[in-house]
Amino acid sequence: MGSIMIVRFSSFLVVCAALAFVIACGQDPTPVVEGNDDNGMNVGQNNDSEATRGDGQSCGDDSDCFSGVCLQGDDWPGGHCTTINCDDDADCHGDDAFCMTNPEGNDFCARPCDTDGSGQCRDGYTCQDAPADPGGWCRPGEEDDPDPDPTPSNNDNNDSNNDNNDSNNGSNGDNGVNDFEIECQSSPGQQVSFDFEVSDDADSYMVVPISEGLITPLNITTPGGETINFQGQNSFQAAGAQMFGVINPTVVPAAPQFDYQFETGTNTYTLENDASEICWYVIESQDPVTTIDLNVYLVGVPGVSPDDAENDINVQNMLDETEDILAQANVEVGEVRFPEVPASAEDNYSIIRSEQDVSELIAYSEDPGDTADELVSANVFITEQFSFSGGGGALGISLGIPGAAGLHGTGISGVAMTGEYLGTAGGGNKLTAVILAHELGHFLGLFHTTEQTGTSMSPLYDVPECDNMSNPTACPDWGNLMFPSADTNNDELHPDQSFVIGVNPLTK
Amino acid sequence: MKLWIVLIVIALLVAPKAFAGDEPAADIDERDQAVTQSDERADEREAIEVHLAHHHQLPDRETLEKASDNARAIVFEIARDDDAFLLHRQRALKALALWPDDEVYEYLSELLEDEATENGLRHHLLPVLANGFGEDALDDLSPYLLENSDPQIRISAAGAIAEISGDNAGELLDEALETEEHPLVESRIEGFIDQRR
Ligand SMILES: [Zn+2]
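Line by line, the protein sequences give chains A and B. Quick note: the first sequence uses our numbering, first residue 1, plus one each step. Quick note: the second sequence uses our numbering, first residue 1001, plus one each step.
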């Protein structure tokens, strides 16, 4: 097995954005903020010296809070600093805050109060009994509001925060997150550059710039002076920023003809950035790659639960078919985990009705373990059904081309797809495998061979394109996994596509 | 070998040609033409099925009509075909709304109401009727929002109705919010109402 090295880790930064659609975020999916205009978020302790506010105090944005997390929106009048995923009071920031047990989701820090007293909470907040702790907490809402229901939830949000700082305050801090270092630097002007190291052992890498504002990738310059131009011949590598605004997972080399763009040593990424800070992380990969690990979340798929998925004949048959497809790229399915989502999430998202549902569901993904090897695994959400309220139709959605490797608990952390054809007659398991492999293909960096319009964004030379999509089965790319139509016959990979799969650090 | 056996074998071998030769030339052309048309129709159906099976979107009407002059008829044929591949049939039912006429409405609304229809299919049909027929479908959709015993069906109905513009759809959602007692359905209806604003 080739090795994976995650080379920069100090805190874990999660992003979400809403360009193509709203993405809900959260290492664990709470808390998130309803109606927040902010489209990005930082995770971890705020090192900004301007932070002055402790947990439970008001805030205008994340930089105001010691914790780096400012809950905002109508549910949090005046803003509310907090620390999410606290284990005990010592995790909370500032004086006079406590770690409140949240039966609905993640524990978080709030301001305590005496329910027998009055005037202890600021405007817009009243003292009410803590749901599972002795005493009260300053909860959003007025005295006469019987149920303001401000408890952070995972619904209808486009921003959230996550806590995994260097001091391991967050409950997720133990899950190998220390292995991740997301470096950050200030971004004073509109254009910013950051240096990142690629070790001599690496054969490819993914660098992931992340911002709280919108970014436009411009280029990477290599130690040898090559320029990877995201406004020119490598424009297809700006797909992440085009889709999500705030993140752009970038694999180098992106295609065989760009092999020369990979160089070890100090590379420099330049981009336009709307925020005052730019962050990034790098994951390297070494040849040969042989395996991809999957975290398969079964969400309301009839007749199969996560507990018995390992013995379910249809699930296993489908995974075998998927492995057969990936075997063309010399990749086998390695460890397959079947984590569960909370029952409430299953109720909410077993039937996917919108793209927003997809991102909110994917935000329930969790770190699969402590090690970098465990973290570098792909999340696959298979639901009972995809039935979009707005019409149209999708069988599956990948959050990124490519998606961000090693990032869990955000609205862009994986792929989601329908499981309604599992076990159905006429090749339902194979069709489901094709859908899964197709979405994984996107997440690993593959574009469609040809779009419905007859155009293609694929940079790969050896994959034929179709010039007459009105007769699709006559197309030269009919039969390819990345043909835009789902068919049990569309399961082939070309060598260039195998190259793309192989250089992505998710294959290891 | 006996001569008569040879003759019979030869006779059998040449018989079809002989019979065919007895037919008028026009009949041959018609049969060939029918076979050709049948092949063409099968090709067109296959092309339509491929377009319907797009990974990420339904094809538009122009795409389907480019694939076949008989696109509507073929889509209808797939939609009515209980033996069709499930994905193709589901997508054909959705695509029918690209031709939102009385015949299509009657078929889809009857299928929605048919007791034999599985709820899985209803989740697809509710948005099809809403998106294809708008306010004209409200009367048929409202029982699924207000009266259906399955919370998931009520959510799908709410999501579908929320896609219909106009006051009537909004008032129906408000009514549902007032009467709904299931917390999840209530919160989803609230979300749909918020999205309309
Ligand atoms: Zn696709």
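Cβ atoms here follow ideal geometry from the backbone N, Cα and C, with glycine treated the same way.
Under the DSSP assignment, A/Asn273 falls in the beta strand (DSSP E) whose first and last residues are Gly265 to Asn273. The beta-carbon of B/Ala1137 is placed no less than 7 Å from the nearest beta-carbon of chain A. A straight-line Cα-Cα distance of about 43 Å links A/Val336 and B/Glu1065. The beta carbon of B/His1055 falls within 7 Å of a beta carbon belonging to chain A, placing the residue at that interface. Neighbourhood of B/Thr1063 in chain A, by CB distance below 7 Å: Gln452, in chain order.
The beta carbons of A/Ile220 and A/Thr507 sit no closer together than 7 Å.
When Cβ-Cβ separations below 7 Å define contact, A/Ser458 makes no contact with chain B. Within chain B, the residues placing a beta-carbon under 7 Å from that of A/Gln385 are Gly1120 and His1123, ordered along the chain. Of the other Cβ atoms in all chains shown, fewer than 16 fall within 10 Å of the Cβ of A/Gly225; this residue is therefore exposed. Using a cutoff of 6 Å, the CB of B/His1055 counts as near ligand 1, since one of the ligand's heavy atoms is closer than that. For A/Ala255, there is no enclosing alpha helix (DSSP H), as DSSP marks it with neither H nor E.
Identification of residues in the segment 350-376 of chain A having a C-beta nearer than 7 Å to some C-beta of chain B yields Ile351 and Arg353, given in sequence order.
In the three-state scheme derived from DSSP, where H, G and I count as helix and E and B as strand, A/Val500 is classed as helix. In the three-state reduction of the DSSP assignment, A/Met318 falls in the helix class. DSSP places B/Pro1127 in the uninterrupted alpha helix (DSSP H) bounded by Asn1119 to Phe1133.
When Cβ-Cβ separations below 7 Å define contact, A/Ser485 makes contact with chain B.
For A/Pro472, the residues of chain B that pass the 9 Å Cβ criterion are Glu1046, Ala1047, Val1050, His1051 and Ala1067, in the order they occur in the chain. For a Cβ distance threshold of 8 Å, residue set Gly393 of chain A lies close to B/Arg1091, ordered along the chain. DSSP places A/Leu294 in the uninterrupted beta strand (DSSP E) bounded by Thr291 to Val299.
If you draw a straight line from the Cα of A/His442 to the Cα of A/Gly403, it comes to about 8 Å.
Annotation for A/Tyr125: the continuous beta strand (DSSP E) segment containing it runs Tyr125 to Asp129. At the C-beta level, A/Ala486 and A/Gly411 stay beyond 7 Å of one another. The C-beta separation of B/Leu1125 from B/Leu1093 comes to about 7 Å, placing the pair in contact by the 8 Å criterion. Look at B/Ala1176: its C-beta is not under 7 Å from any C-beta on chain A.
From the listed residues B/Leu1108, B/Asp1194 and B/Glu1180, the smallest Cα separation to B/Arg1122 is found for B/Leu1108. Residue environment analysis places A/Ala345 among the buried positions, since at least 16 neighbouring C-beta atoms fall within 10 angstroms of its C-beta. By the Cβ criterion, the segment 315-323 of chain A is not in contact with the segment 244-257 of chain A, since fewer than three pairs of Cβ atoms, one from each stretch, lie closer than 8 Å. Residues Leu446 of the same chain have their beta carbon placed closer than 6 Å to that of A/Gln497, with the five preceding and five following residues left out of the count. Contact between the segment 1060-1078 of chain B and the segment 1040-1051 of chain B is present, with at least three C-beta pairs closer than 8 Å. Here A/Met457 is exposed. Its C-beta has fewer than 16 other C-beta atoms within 10 Å. Counting of Cβ neighbours within 10 angstroms places B/His1182 among the exposed residues, the total staying below 16. For B/Glu1163, the neighbours in chain A by C-beta distance under 9 Å run, in chain order, Ser389, Gly390 and Gly391. For B/Ile1155, the enclosing alpha helix (DSSP H) begins and ends at Pro1151 to Ala1162. Spatial neighbours of A/Val358 in its own chain (CB-CB distance under 7 Å, excluding positions within 5 residues in sequence) are listed in chain order as Ile352, Ile397 and Ala416.
If the five residues before and after A/Phe338 are omitted, its C-beta is found closer than 6 Å to the C-beta atoms of Val296, Pro306 and Ala309, all from its own chain and listed in chain order. Judged by pairs of C-beta atoms under 8 Å, the segment 76-87 of chain A does not touch the segment 128-137 of chain A, as fewer than three such pairs exist.
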